[in-house]
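In this note's numbering, the protein residues as written are 57 to 549.
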């Protein structure tokens, strides 16, 4: 059941039904034994399936023969999986010892609620811990599967996927209580336990209120956005002919669209920006100003020693915005993806990389944490490059001051259709958490326009093309954003 739930995160419509059922079965299983060691073993088996099903694509992403072997990539993935499993089991053990101090003869309904609360606290706390630190891995969260659940998706703006995780376990407990009531009533003609009507009505009322509340508001400004979907799988975008095509598309873009902003995928240009001839750069900037349009595209930037531009410190994953006045703004990716964009440099890990793991592109340098916002026609854009969408903290901080979120992405590094869907639905979760519209331009997978509630307005996938939509700017902050900003300020970030 855990494996099915992990795989179902890529299909939220299935996950919306399967999640409460899987949760109810696990709660029922754990209530059948009073021994903590047995319960830890049962939960561990469930979590092994869940984590393997939701994160299996990591092994596919880091395996790049002949640069690294299958066993080294498998070992890295196994260690990562074991670390995530350990976080859950430690949280479960601590929570069980703190909450399950009631007498052994407690009523069955009380046991169900205690177990559900233990799991809710365990999963919420574990997902918070999985979101922070140098080796954070904020994918495959239990709460990501409820974006299509009409009872729970209204809670995303309140406290993010963490509160949705908590509420999902409460819904599972309620479902289990209803099943026990109906089973006793029909099979045994037993009326000892009352139907959980009050709890059901409370949940329905809270869901209706959460779903109808707008924490952000439209400013009146709009931005007509065009997304470019290139459909260049794997290393195709690095081919010389595709890079020539990319430059030609940039040159033609101001003249081929009536959009106010055209968004290209992450690292649309894989060569350094400075390697583009100066006359071509000047011509593109002049065209954007002349046509009154803006271009946003990914390219490789370089960071240098202060005062010594000849000495390069490394490459950077950069977004370049040429606004409607022909002026350039940049955003540099802050949170790089471990093992594929950089190798962790902690002393207890660094020594092993030359002997175990090699990845040809893991040499990028992160951008500064404080960067000016991007702006087109007085609309503030919150850029999130590809995997930065997975960071709950950074996405909330970017969305706090933005009127909409723009996410140029490149999912071609993972040869898995389930991952492509999972990344797409993760973008929907972030839009719902921030209650800000989100536009995602991808080279493979799904490019989409998403509204402030996480609903897909239009999407592109499967073949190269472009799409256009008018996105309304929204101002304001959700309670979730206020909570994240408070914690970020407390931690000094």
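Yeah, the Cβ is synthetic: ideal placement off N, Cα and C, and Gly gets one too.
Inclusion of residue 461 and residue 217 in the CB contact set at 8 Å is not warranted, their separation being larger than that value.
For residue 495, DSSP records a beta bridge to 462 and 505. Residue environment for residue 322: buried (at least 16 other C-beta atoms within 10 angstroms of its C-beta).
Distance from the Cα of residue 436 is smallest, within the candidate group 400, 481, 474 and 532, for 532.
Note on geometry: alpha-carbon atoms of residue 131 and residue 153 lie some 33 Å from one another.
The residue among 181, 165 and 126 with its C-alpha nearest the C-alpha of residue 151 is 181. Nearest in C-alpha terms to residue 525, of all of 424, 395, 284 and 500, is 284.
Nearest to residue 147 by C-alpha distance, out of 128, 165, 127 and 175, is 175. Counting only residues of its own chain and dropping the five nearest sequence neighbours on each side, residue 343 has a CB closer than 6 Å to the CB of 310.
Considering only 58, 238, 380 and 184, the residue with the shortest C-alpha distance to residue 449 is 184. Its chain contains 388 and 390 as the residues whose beta carbon lies nearer than 8 Å to that of residue 424, once the 5 sequence neighbours on both sides are disregarded; these appear in chain order. Take the alpha-carbon of residue 327 and the one of residue 505: they are about 28 Å apart. Its Cα nearest to that of residue 447, the residue 187 stands out among 473, 455 and 187. Excluding residues up to 5 positions away in sequence, 224, 225 and 228 lie with their Cβ nearer than 7 Å to the Cβ of residue 79 in the same chain. The beta carbons of residue 275 and residue 520 sit about 33 Å from each other, so the pair does not count as a contact at 8 Å. For residue 352, the CB contacts under 6 Å within the same chain, skipping 5 residues up- and downstream, are 319 and 377 in chain order. By the CB criterion at 8 Å, residue 141 and residue 100 fall inside the cutoff. Counting only runs of at least 4 residues, the region 137 to 203 fully encloses the following alpha helix (DSSP H) elements, listed from N- to C-terminal order: 164 to 185.
Assigned with DSSP and collapsed to three states, residue 448 falls in helix. In the same chain as residue 82, and ignoring 5 residues on each side of it, the C-beta atoms closer than 6 Å to its own belong to 102, in chain order. Between the region 479 to 496 and the region 296 to 315 there are fewer than three inter-stretch CB-CB distances shorter than 8 Å, so the stretches are not counted as touching. Around the CB of residue 312, fewer than 16 other CB atoms lie within 10 Å, so the residue is classed as exposed. As computed with DSSP, residue 435 is found in a beta bridge with 432. Under the rule that a run must span 3 or more residues, the beta strand (DSSP E) segments found entirely inside the region 315 to 384 read 317 to 319, 325 to 328, 350 to 361 and 364 to 378. The alpha-carbon of residue 384 is positioned some 15 Å away from that of residue 335. The alpha-carbon separation between residue 264 and residue 395 amounts to approximately 43 Å. Under DSSP, the beta-bridge partners assigned to residue 394 are 398. In this chain, residue 389 is not harboured by any beta strand (DSSP E), its DSSP state being neither H nor E. Comparing alpha carbon positions, the residue from 202, 538, 539 and 239 closest to residue 510 is 202. By the criterion of a C-beta distance shorter than 6 Å, residue 444 is surrounded in its chain by 391 and 450, once the five residues flanking it on both sides are discounted.
The Cβ atoms of residue 68 and residue 231 lie no closer than 8 Å to each other.
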